[in-house]
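Chains as they are written, first to last, in our numbering: chain C, 1 to 116; chain Z, 1001 to 1111. Below is one structure, written out as structure tokens; comments come after it.
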């Protein structure tokens, strides 16, 4: 059974287009995340939602808009795509848990976005 | 200066070698230090984590944190070709569950 799934796996699109990536987790977690991994493998958090509430919002262009319809889903919509948006986008989930607890994050398989 | 510094490699070793992967970090207000392993075209998966300072061992893997020098290490004994992957060190922010990653080290174990 897939724990964290993302669709699509690959996305190739033209500059200026709008696209969405979907994420679903069946782990019963209450917190979900979007990360961006650039061509040099550097992985950086973009957003985090806890129980559908935005709790982490890093310095990301406002062309990126996350949406969480429920605890098990977190989608990422990107407007006016640019060449620099080409990267692998990972969704992850965890329990928020108690302050100081480990709260392991489980990652999805990634969505490889290529902007031409 | 990045919060977590990690040499991207690649690091190439023969099968059976002892591998040492290292990171340094700049902010000491963190509780958990982690190592994630990422195979090619896959998502990262948690390999080991340590809380505060000290060592933690799991089979062929040992994670070590030295808070006085702000140094995080992962040692792999008897390395295998199946260990070939990118290894990402990370620390967890004091604010919620935010993870800050190093750049990742590409490891290749040759048979």
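Think of the CB as a built atom: it goes at the ideal place given N, C-alpha and C, for glycine as much as any other residue.
Query                                                                                                                     : Result
Candidates Z:1035, Z:1008, Z:1070, Z:1043: closest to residue 1058 (chain Z) by CA position                               : Z:1035
Cβ pair residue 87 (chain C), residue 30 (chain C) closer than 8 Å                                                        : no
Reduced DSSP category for residue 1102 (chain Z) - H, G, I as helix; E, B as strand; rest coil                            : coil
Residue-chain proximity (residue 21 (chain C), chain Z), Cβ-Cβ < 8 Å                                                      : no
Alpha-carbon to alpha-carbon, residue 1069 (chain Z) and residue 69 (chain C)                                             : 44 Å
Contiguous beta strand (DSSP E) assignments of at least 3 residues, all confined to the segment 58-100 of chain C         : 64-70, 73-78, 87-94
Chain C contact for residue 1103 (chain Z) (CB, 8 Å cutoff)                                                               : yes
Straight-line Cα distance separating residue 97 (chain C) from residue 103 (chain C)                                      : 6 Å
Proximity test, Cβ basis, 8 Å: residue 104 (chain C) and chain Z                                                          : yes
Whole-angstrom distance between residue 91 (chain C) and residue 85 (chain C), CA atom to CA atom                         : 16 Å
Cutoff 8 Å: residue 1097 (chain Z) Cβ touching any chain C Cβ                                                             : yes
Buried versus exposed call for residue 1016 (chain Z) [16 or more other C-beta atoms within 10 Å across all chains shown] : exposed
C-beta atoms of residue 36 (chain C) and residue 1008 (chain Z) nearer than 8 Å                                           : no
Where the beta strand (DSSP E) containing residue 112 (chain C) begins and where it ends                                  : 111-115
Residue 1051 (chain Z) versus residue 1033 (chain Z) - alpha carbon distance                                              : 6 Å
Min CB distance residue 1011 (chain Z) to chain C below 8 Å                                                               : no
Candidates C:18, C:25, C:110: closest to residue 3 (chain C) by CA position                                               : C:25
Cβ-based contacts, 9 Å cut-off: residues of the segment 34-56 of chain C near chain Z                                     : 35, 37, 40, 41, 42, 43, 44, 45, 48, 50, 55, 56
Secondary structure of residue 1082 (chain Z), DSSP reduced to three states                                               : helix
Start and end residues, beta strand (DSSP E) containing residue 1076 (chain Z)                                            : 1071-1076
Among Z:1041, Z:1055, Z:1001, Z:1031, nearest to residue 1084 (chain Z) - alpha-carbon criterion                          : Z:1041
Beta-carbon proximity of residue 1043 (chain Z) to residue 64 (chain C), cut-off 8 Å                                      : no
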